[in-house]
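Enquirer: This structure is in structure tokens; I'll ask about it shortly.
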Amino acid sequence: MTGGGHRGPPPLLVLAVCWAAALAGLPRTARAACQVAEQSATNFQIRYDAGSPTRACFSLSTNSPCGGGDGGGACCLEGAAELRELLLAPNALNPACVDRRGLKALRFTVDGVPIRSKPGRSKGGQTVVKASVKGAFPNGASICIDASDVPGCDSIQSLCGSPGSPGSPGSCSFKLQARGAPRGGSGDRAKCCIDAAAEYNVSAPQFNLELVNQGVDFSFDSDFEAARDRWQRILTVDLPDVTAKEYNGTGFEWEPGYSMPIDDVVIFYKVEYIDGANGSVLGAAGVKYRRKGGRSLPLVGQMLFDAADLAALPPRQRAALLLHEMGHALGLGLEFYWRDVLGCVRDCLAGQISQPAYYTCANAAREFAALPGCGPKLPVETELGLGSGCRHWQEDALGSELMTPVLGASGMQGLSRVTIGALEDIYGPGSVDYTQADPWDCRQAAKPQAAPAARRAFGGEGEVVLLEPLPPPQLPD
């Protein structure tokens, strides 16, 4: 351009951010590797965040410092660069992982939102999965891949390749394309690339849920432990240990006489006389202390049950009851998380039959919409009053699902992907294992037969209105 002082639009760049597989012995054809001639763009980075054997989540950073003495040059893009496409190169050593029909079942999410994907071929002829990642992510993004439904390639280790040595991390190979103005650089369109290992953990993190019986009745301990074991298989996140002293100083105790370090959550429970069989109080469950900072995750839970009521329940009902209430102690249904922290349930009024309310956080809502006969919107219970309303899935929509407010006489309460998704909404991307869910079809879910009035009392028509959660979790003064 000469004369007149007119300037054209800022130059745009095309960025190909590639994370090459770091697996020993993995052939070059199994990589979505960048070309040697492409320049380096160091401000786009990716790292493993969390996951399970079948699902891995990676954090994409678009605002990392640029390398080089010139501020990064033409290939240092602004964080507001528009992402266009994500490619994943599956492990070519496993024929099932490069079968394009099977790869149609591979699922991608960006910040919890499902994105379309389809298998195809790269310019070099290798099988890749193309995911439509579009938009600007100036604050970064969480990218998750779920292989649980891919026939013969239903684990991250199968999909991305085995580790080079036992116990070492594996690494997935991606290529991400973006377009944007250079940060401190200039020039014509350019292709830019960065190689960085997007490693995943070979084995899922171990979630530890410790139970402490504070009472003198130990006759139901095996029931509590069975519920504990189920939740430990579902949650895969490994949280930092917390000591009582770190939490609130010297002399602080979680409960009188208990000051042990916590890894990852501890639930104190007690079975004792409250008001006897068929009384008005069956018990209560919820979170007592939460972690400081971040997601304010549950740290200490508590559960209290009336001994006579618990003994009166048939074994299957009792097992479902304890599993349900332990879910509350892990955060499910608590207003603190569903309403205040996450904003999943808004404008919900308990006892208002005519005013529906819906759960809107990404993971549980996505799973509900995808289940047969469910969707499109995930309703929460409003018909029942305070304590049950706004804190459970709607009975009419999900029937006998575990986290609905009524326990049926059969005790057959399935734990669906919807409830596991709600846990992931609380604990973060990759914190759960969806393969632990029970099969679910909303068209076949048993609905309670008793009238609403009969459902409000313990024992009415063989059903139990489940316990209301405890008050909001605490932080020390």
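According to mature numbering (1 follows the signal peptide of the UniProt record, and there is no 0), the stretch in the sequence shown is residues -24 to -1, 1 to 453, in order. Idealized CB from N, CA, C, for every residue including glycine.
Does DSSP put LEU442 in a helix, a strand or coil?
Expert: In this predicted model, LEU442 has a pLDDT of only 47, less than 50, meaning its place in the structure is not dependable; the value taken from the coordinates is given anyway. LEU442: coil per DSSP, three-state reduction.
Enquirer: Less than 6 Å between C-beta atoms, sequence neighbours within five positions excluded: which residues of the same chain meet that for ILE66?
Expert: Per the sequence shown, residue 66 should be read as Pro rather than Ile. Excluding positions up to five away in sequence, the list reads CYS73, VAL74 and LEU135.
Enquirer: Using CA coordinates, which residue listed in GLU359, GLU377, PRO381 and SER376 is at the minimum distance from HIS368?
Expert: Closest by alpha carbon: PRO381.
Enquirer: Just checking my contact of LEU318 with LEU378 at CB under 8 Å: how many whole Å lie between their CB atoms?
Expert: Actually they are not in contact, since the Cβ atoms of LEU318 and LEU378 sit about 20 Å apart, beyond 8 Å.
Enquirer: For the alpha helix (DSSP H) holding VAL394, just list the boundary residues, first then last.
Expert: Unbroken alpha helix (DSSP H) run through VAL394: 393 to 403.
Enquirer: Which stretch, first to last residue, makes up the alpha helix (DSSP H) that contains LYS268?
Expert: Taken as a continuous stretch (DSSP letters only), LYS268 belongs to no alpha helix (DSSP H), as it is neither H nor E.
Enquirer: Express the C-alpha separation of PHE20 and LEU308 in angstroms, rounding to a whole number.
Expert: Near 35 Å, if we compare the C-alpha coordinates of PHE20 and LEU308.
Enquirer: Among the candidates ARG209, LYS221, SER364 and ASP239, whose CA atom is the shortest distance from the CA of LEU399?
Expert: For LEU399, the nearest C-alpha among the options comes from ARG209.
Enquirer: Apart from the five residues on each side of it in sequence, which residues of its chain come closer than 7 Å, Cβ to Cβ, to TYR313?
Expert: Correct list, in chain order: GLY307 and ILE402.
Enquirer: Let me know the secondary structure DSSP gives THR103 once reduced to three states.
Expert: Reduced to three states, the DSSP call for THR103 is strand.
Enquirer: Whose C-alpha, out of CYS337, SER386 and ARG292, is nearest the C-alpha of ASP316?
Expert: Comparing Cα-Cα distances from ASP316 to each of CYS337, SER386 and ARG292, the minimum goes to CYS337.
Enquirer: According to DSSP, is GLY277 helix, strand or coil?
Expert: Strand.
Enquirer: Jot down the residue ranges of each uninterrupted alpha helix (DSSP H) in the region 194 to 244, minimum 4 residues, whole runs only, in chain order.
Expert: The qualifying runs are 197 to 210 and 220 to 224.
Enquirer: Using a 10 Å radius around the Cβ and a threshold of 16 neighbouring Cβ atoms, would you call PRO405 buried or exposed?
Expert: Per the 10 Å Cβ criterion, buried.
Enquirer: Classify THR85 as helix, strand or coil using the three-state DSSP reduction.
Expert: DSSP places THR85 in strand when its eight states are reduced to three.
Enquirer: What residues are listed by DSSP as bridge partners for PRO95?
Expert: DSSP, once it has assigned bridges, lists VAL105 as partnering PRO95.
Enquirer: Going by Cα to Cα distance, which pick from SER272, TYR334, ARG76 and ALA253 is closest to PHE281?
Expert: Nearest C-alpha to PHE281: ALA253.
Enquirer: In angstroms with no decimal places, state the Cα-to-Cα distance between GLY375 and GLN278.
Expert: Each residue's Cα considered, the two are about 27 Å apart.
Enquirer: Would CYS366 and VAL394 qualify as a contact pair, given that the criterion is a beta-carbon distance under 8 Å?
Expert: No, they are not a contact pair.
Enquirer: Between the alpha carbons of LYS110 and GLU61, how many angstroms are there, rounded?
Expert: In a straight line, the C-alpha of LYS110 is about 7 Å away from that of GLU61.
Enquirer: Compute every distance between the C-beta of ARG266 and the non-hydrogen atoms of the ligand NAP, then say whether any falls below 7 Å.
Expert: Judged by which ligands are present, the structure shown has none, so any question about the ligand NAP falls away.
Enquirer: Any idea if GLU357 is buried or exposed, counting beta-carbon neighbours within 10 angstroms, 16 or more meaning buried?
Expert: Flag for GLU357 reads buried.
Enquirer: For PRO3, which of helix, strand or coil comes out of DSSP?
Expert: Reliability of the predicted coordinates at PRO3 is poor, the pLDDT of 37 falling under 50, and no value is obtained from them.
Enquirer: Give the straight-line distance between the Cα atoms of ALA341 and TYR335, rounded to the nearest whole angstrom.
Expert: Straight-line Cα distance between these residues: approximately 7 Å.
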